[in-house]
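Take 169 as the starting number for the sequence shown in this note's numbering and just add one per residue. C-beta: ideal position from N, C-alpha, C; glycine also. All of these numbers come straight from a predicted model, not from anything done at the bench. Have a look at the structure below before the remarks.
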Amino acid sequence: MKINYHGHSCFTVVLENGASLLLDPYNGSVGYPLVERKADVVTCSHHHGDHHYLENIVPGYRLVEGTDPVTVKGFTIYGVPTSHDANHGADRGDNIVYCVEGDGIRLAHLGDLGHMLSQEQLEAIGRCDVLMVPVGGYYTIDAATAAQVTDAIKPLIAIPMHYRTACSADMPIATEEAYLSMMRENEYAISALSSTQLELDPEDMPRARRVVLMEYK
């Protein structure tokens, strides 16, 4: 499995069979170059433009919506209902955590999660090898809650997303530094990739839990 980070909350996951899944493609409001690509499957955690921009995706993809389990192109995908805020969605609306399995690896993409997860939600997410977690606050959980959520889910690898970078400097969100500091205190190893791509083998996953900071493109 290969995971490519495009910035903000957008990733492409590519399986050994060549099938690709695009998660949360963004519009021009976030400052990153627009994602123009072909994908077999697309998921969007909610309908805000910075997570649900489909105009530049080559037609022919399968858009997975809602929470019901779907198996397509080697991916098994289901959603866990959550909220975009800590007020049961009253402020910013609903959010779906998409859980994905492919090549024997389980991923969870938290979208714009706005609150600590309940025990029921944690059980629905289940085992998680790779967690994509928002850490910048303001629109989502902040670094402290992101650290708590990470500890509760217990992924082998946590990938921070939705934080301030040079591209998104105008957004009122924090950088990744506070989250990384808290995860160091929680005895997670921290590694920074010099690449936009993370390659994973289900037979060679890390034994110690770690946070992987990815370059974006």
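| Check | Outcome |
| --- | --- |
| V226 to T211 span [Cα, whole Å] | 14 Å |
| Secondary structure of V198, DSSP reduced to three states | helix |
| Cβ neighbour criterion (16 or more within 10 Å) applied to P340 | exposed |
| Residue burial classification, S359 (beta-carbon count within 10 angstroms, cutoff 16) | exposed |
| V232 (DSSP reduced to helix, strand or coil) | strand |
| Residue from D262, C267, A207, G304 with nearest C-alpha to E291 | C267 |
| Burial state of S213 (16 or more Cβ within 10 Å) | buried |
| Beta carbon of V317 nearer than 8 Å to that of M284 | yes |
| R375 - DSSP class collapsed to helix/strand/coil | coil |
| For H252 and D166, the rounded distance between their alpha carbons | Outside the modelled stretch of the chain, which goes from 169 to 385, sits residue 166, for which no answer is possible. |
| For C178 and L381, the rounded distance between their alpha carbons | 14 Å |
| Rounded Cβ spacing between A376 and Y347 (contact assumed at less than 8 Å) | About 18 Å; that fails the 8 Å criterion. |
| Alpha-carbon spacing of G228 relative to A320, whole angstroms | 37 Å |
| Length-filtered (4 minimum) alpha helix (DSSP H) runs lying within the segment 329-359 | 345-353 |
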